[in-house]
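Each protein sequence line maps, in turn, to chains A and B. All residue numbers for the first sequence refer to UniProt numbering, where the first residue is 1 and numbers rise by one. All residue numbers for the second sequence refer to UniProt numbering, where the first residue is 1 and numbers rise by one. Built from N, CA and C at the ideal position, the CB exists for glycine as well. Some notes on the structure that comes next.
There are 2 protein chains.
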Amino acid sequence: MRIGQLAERTETTPRLLRYYEEQGLIRVGRAANGYRDYDDRLVDQVTHIRGLLEAGLPTRLIKQILPCLDDPREIHFADATPEIIATLEGHRDQLARRIEVLTRNHAAVADYVGALKQCALGVEPDPASGD
Amino acid sequence: MRIGQLAERTETTPRLLRYYEEQGLIRVGRAANGYRDYDDRLVDQVTHIRGLLEAGLPTRLIKQILPCLDDPREIHFADATPEIIATLEGHRDQLARRIEVLTRNHAAVADYVGALKQCALGVEPDPASGD
DNA sequence: TCGAACCTTCACATTGATGAGAAGGTCAAG
DNA sequence: CTTGACCTTCTCATCAATGTGAAGGTTCGA
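What follows is the structure, encoded as structure tokens:
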């Protein structure tokens, strides 16, 4: 598949796909004429990367956890070094902390919105009521 | 409290605190001599903001959900307009989507790390085994 | 008085993109 | 085979967001 087609299928742009390649997020082959040649699986991979970026993860972190996200899940045995394991554990725990923070704040926003909707109905907010 | 003290108590820098003020994330009074004068509650607020930024939320979103995070939780009745409610619901749902994405990927990283550790023990990974 | 802390303001760095230009490849119609 | 539309290549420039650094001046506190 060429770059234009992948851009279309992932709702991105050729420019962005070249950028991701430059950043080491995707690996891309070349055709005889020098054009980039994309595997079908890149559609899912790029979509996945977009999701992670939109979730606020920086590319350097995404780059490091990419091997974890391969589908079909295959273990890269060369990764089983203490250093890589420690790095990934760090990333794993960082993700857990992010999730905690976002979960707490999601709850706070949800509560607040619920209370606001009570106000909008002309009702005093009642801590014991649902939405 | 002056800027240096708040910086110390929040493990940030005076520079960053001025930046947050400039971005509208915190509101700061002034002493007669022109020095910034920070309320004690800013310690918690700044810590909270740091957490949200580290979790990947952009300042413009944080700015909008700040009223939801006040402690003690007080409803700003003026916020009970359909527009503000709709905006906050959008933010709330965006947070939920972020949490979903991060949760899925946290699980993937955790699984992968678990498998790697099996490899590191010289054992073939077994899908049915725990960490 | 003197150094530390504060003030404002301008400039720079990094990240995640995006735009524009110049050059060349591909392919179908004429 | 040539033309033209459309694709690709690369490179340089630009943008917004999140900070950081430093210059030049004021105020504090010992």
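{"Asked": "Go to residue 110(B), then tell me how far its alpha helix (DSSP H) extends in each direction, as first and last residue.", "Found": "82-120"}
{"Asked": "Look up residue 71(A) in the DSSP assignment and say whether it is helix, strand or coil.", "Found": "coil"}
{"Asked": "Mind checking residue 55(B): buried by the 16 CB within 10 Å criterion, or exposed?", "Found": "buried"}
{"Asked": "Give me the chain B residues within the contact set of residue 63(A), using Cβ-Cβ distance strictly less than 8 Å, ordered along the chain.", "Found": "Those do not exist, as residue 63(A) stays about 13 Å from chain B at its closest Cβ, beyond 8 Å."}
{"Asked": "For residue 55(A), go through chain B and note every residue whose CB falls closer than 7 Å to its CB, in chain order.", "Found": "56, 98, 101, 102"}
{"Asked": "Would you mind telling me which residues of chain B sit closer than 8 Å to residue 20(A), beta carbon to beta carbon, in chain order?", "Found": "In chain order: nothing, as chain B lies at least about 17 Å away."}
{"Asked": "With 16 as the cutoff for other CB atoms within 10 Å, does residue 122(B) come out buried or exposed?", "Found": "exposed"}
{"Asked": "Counting only C-beta atoms, is residue 3(B) closer than 8 Å to chain A at any point?", "Found": "no"}
{"Asked": "Taking only beta-carbon atoms, is residue 112(A) less than 8 Å away from chain B?", "Found": "yes"}
{"Asked": "With a cut-off of 8 Å, do at least 3 Cβ pairs link the region 36-51 of chain A to the region 74-92 of chain A?", "Found": "no"}
{"Asked": "Note down, in chain order, each residue of its chain lying with its Cβ closer than 7 Å to the Cβ of residue 49(B), except the 5 sequence neighbours on either side.", "Found": "20, 25, 62"}
{"Asked": "Check whether the Cβ of residue 13(A) lies closer than 8 Å to any Cβ atom in chain B.", "Found": "no"}
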